[in-house]
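Trainee:
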Amino acid sequence: MLKKIDIKEKVNSFVPYFATFYYIEIIYLMIFLNFLYGKVYAVAAGLLLAFFLTFHIFRLFNKKDINRKIQLYFMDIHFAYSLAYFFNRMFSGNDFTTVDTVVTLFRLITAFFEIAAVIILTDRIIKSGYSD
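Under my numbering, the residues of the sequence shown are numbered -1 to 130, in order.
Okay, here's the thing in structure tokens:
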């Protein structure tokens, strides 16, 4: 027999796993930093950002309220940037490379997931499950 499962609890446990997709943004940033400043700066920035993101994901998984707020801020900024990037790529008139297509689709898909995650993380019941 199936157990009755609260959907909000299951969806809430998805948010820390969703935050791992920001590693792809770090890799994408490292590619551009490599061209602009060289390998040393790209790797140093990538390692530092990956460390901070890993620490953030661990604390988000342990339901720390400050990390819930940080995640909301990340998603707000990333959502706005992703939509601006998408419309810029679509209407700029430039040709798409394979990397452009993958990054554009990735950002568009994550933008839709981020809207759902913002609704989840701002729910009164979900907020009460996070500790200080």
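Heads up, the beta-carbon is just placed ideally off N, CA and C, and yes, glycines get one too.
So which of Leu81, Ser11 and Gly44 has the shortest CA-CA distance to Lys61?
Mentor: For this step, residue 61 is matched to residue 63 along the sequence shown. Looking at the Cα atoms, Ser11 is the closest of the given residues.
Trainee: Put Ser80 into one of helix, strand or coil per three-state DSSP.
Mentor: As a working note, residue 80 is residue 82 in the sequence shown. Correct three-state label for Ser80: helix.
Trainee: Look at Tyr133 and Leu51 and say whether their C-beta atoms are less than 9 Å apart.
Mentor: Residue 133 is absent from the model: the chain starts at -1 and stops at 130.
Trainee: Could you tell me whether the Cβ atoms of Phe77 and Glu23 are closer together than 9 Å?
Mentor: What you label residue 77 is simply residue 79 of the sequence shown in a count that begins at 1. What you label residue 23 is simply residue 25 of the sequence shown in a count that begins at 1. Their beta carbons are not under 9 Å apart, which means Phe77 does not touch Glu23 by this criterion.
Trainee: Ser126 lies in the alpha helix (DSSP H); which residues open and close that run?
Mentor: Within the sequence shown, numbered from 1, the residue matching residue 126 stands at position 128. Its alpha helix (DSSP H) spans residues Arg122 to Ser126.
Trainee: Would the beta-carbon of Ile55 fall within 9 Å of that of Thr18?
Mentor: Taking the first residue of the sequence shown as position 1, residue 55 is located at position 57. Taking the first residue of the sequence shown as position 1, residue 18 is located at position 20. Yes, the pair counts as a contact, with Cβ atoms nearer than the cut-off.
Trainee: So the alpha helix (DSSP H) Asp98 belongs to, where does it begin and stop?
Mentor: As a working mapping, residue 98 is identified with position 100 in the sequence shown. That run of the alpha helix (DSSP H) goes Thr96 to Leu119.
Trainee: With a Cβ-Cβ cutoff of 9 Å, do Val116 and Met73 count as a contact?
Mentor: On the sequence shown, position 118 is the one that residue 116 refers to. On the sequence shown, position 75 is the one that residue 73 refers to. Yes; because the gap between Cβ atoms is below 9 Å, this pair is in contact.
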